[in-house]
């Protein structure tokens, strides 16, 4: 496991108001110029940021780790926001191990597309009279991999079975990366489940099967309704990224 260290440039928790949008914007733009351009818009955006960040059900550390996951997910991949929330997570007490745990946990999200693609390939192979997945020899090792996955993750996704049969080497590697943080990571299963809920409920992904599984698991691990609702609110804050990003370009003609 990676040693826990704090980034030397990370702000301290004492110096950071996690509920303030002004602090976020101030890192990239002139807050007063943005405020004067539309005071009412600035007030509305600040309130929209403040409400989820001020909610008491999740710690600042957990909120920031969830935001790291949301922004680092391949479906979003907002590099500026990833850096921002890693620094804020460190200031809130997250270790390097916690952050790497999140980054490894979200790697396999790209394979949700394969769960959509594989059935199409199977249908087209059958239509063309080619060999289908049911004709491929069954690898007895796959049953052990399935059991290992279930022990680590607490569920099994049948969408993975065509991958296991058609591209077994890839599937073995996918299984390893999909269970790595669950076997060796520093977050608790509840915390990691909340990160996964965050990934699957974002506007850039909205993956209903995974969202159901991760909510079910989070509840099993002790998460409350209000904690999950906090995750949903954090996902809505992604909409403010256009406002934050655009603010830096005000006054470029000067």
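In our numbering, the protein residues as written are 855 to 1108.
Glycine included, C-beta positions come from ideal geometry on N, C-alpha and C.
Residues of its chain near residue i, where Cβ-Cβ distance is below 8 angstroms and the 5 sequence neighbours each way are ignored
{"i": "residue 900", "result": "874, 875, 876"}
{"i": "residue 1104", "result": "883, 884, 887, 888, 891"}
{"i": "residue 953", "result": "919, 922, 940, 943, 944"}
{"i": "residue 1055", "result": "1065, 1085, 1086, 1089"}
{"i": "residue 1033", "result": "1002, 1003, 1006, 1007"}
{"i": "residue 1083", "result": "911"}
{"i": "residue 927", "result": "960, 963, 1053, 1056, 1058, 1059"}
Limits of the alpha helix (DSSP H) - the one that residue i falls within
{"i": "residue 1050", "result": "1043-1054"}
{"i": "residue 1022", "result": "1022-1038"}
{"i": "residue 1013", "result": "Counting along the chain, residue 1013 falls outside any alpha helix (DSSP H), and DSSP gives it neither H nor E."}
{"i": "residue 1080", "result": "1079-1090"}
{"i": "residue 896", "result": "893-908"}
{"i": "residue 952", "result": "950-959"}
{"i": "residue 932", "result": "Segment: none, residue 932 is in no alpha helix (DSSP H) and carries neither H nor E."}
{"i": "residue 925", "result": "914-926"}
{"i": "residue 1100", "result": "1095-1101"}
{"i": "residue 1063", "result": "1062-1074"}
{"i": "residue 971", "result": "966-981"}
{"i": "residue 882", "result": "Neither: residue 882 is in no alpha helix (DSSP H) and is coded neither H nor E."}
Residues of its chain near residue i, where Cβ-Cβ distance is below 7 angstroms and the 5 sequence neighbours each way are ignored
{"i": "residue 961", "result": "1031"}
{"i": "residue 862", "result": "Any reading at residue 862 needs caution, since the residue's pLDDT is 45, under 50, leaving its predicted position unreliable; the model's value is listed next. Nothing meets the Cβ criterion."}
{"i": "residue 1077", "result": "1044, 1047, 1048"}
{"i": "residue 1080", "result": "911"}
{"i": "residue 1102", "result": "882, 883"}
{"i": "residue 1000", "result": "1010"}
Per-residue burial, residue i [other beta carbons within 10 Å of its own, 16 or more giving buried]
{"i": "residue 1052", "result": "buried"}
{"i": "residue 893", "result": "exposed"}
{"i": "residue 973", "result": "exposed"}
{"i": "residue 1014", "result": "buried"}
{"i": "residue 898", "result": "exposed"}
{"i": "residue 1035", "result": "buried"}
{"i": "residue 1106", "result": "Summary for residue 1106: the model assigns pLDDT 49, below 50, so the residue's position carries little reliability, and this model does not support an answer."}
CB contact flag (residue i, residue j, <9 angstroms)
{"i": "residue 969", "j": "residue 906", "result": "no"}
{"i": "residue 1061", "j": "residue 963", "result": "yes"}
{"i": "residue 1057", "j": "residue 1100", "result": "no"}
{"i": "residue 996", "j": "residue 1025", "result": "yes"}
{"i": "residue 1028", "j": "residue 932", "result": "no"}
{"i": "residue 1059", "j": "residue 930", "result": "yes"}
{"i": "residue 903", "j": "residue 878", "result": "yes"}
{"i": "residue 1022", "j": "residue 976", "result": "no"}
{"i": "residue 938", "j": "residue 981", "result": "no"}
Own chain partners of residue i with C-beta closer than 6 angstroms, once the 5 adjacent residues on each side are dropped
{"i": "residue 947", "result": "915"}
{"i": "residue 1018", "result": "996, 1025"}
{"i": "residue 870", "result": "945"}
Proximity test, Cβ basis, 9 angstroms: residue i and chain B
{"i": "residue 1025", "result": "Absent here is chain B; the protein component of the structure consists of one chain."}
Is the segment 1000-1014 touching the segment 1061-1081 in the sense that three or more CB pairs, one from each, lie closer than 8 angstroms?
yes
Is there contact here, the segment 903-914 with the segment 1030-1040, by at least three beta-carbon pairs under 8 angstroms?
no
Would you call the segment 916-928 and the segment 938-947 in contact, with 3 or more CB pairs under 8 angstroms?
yes
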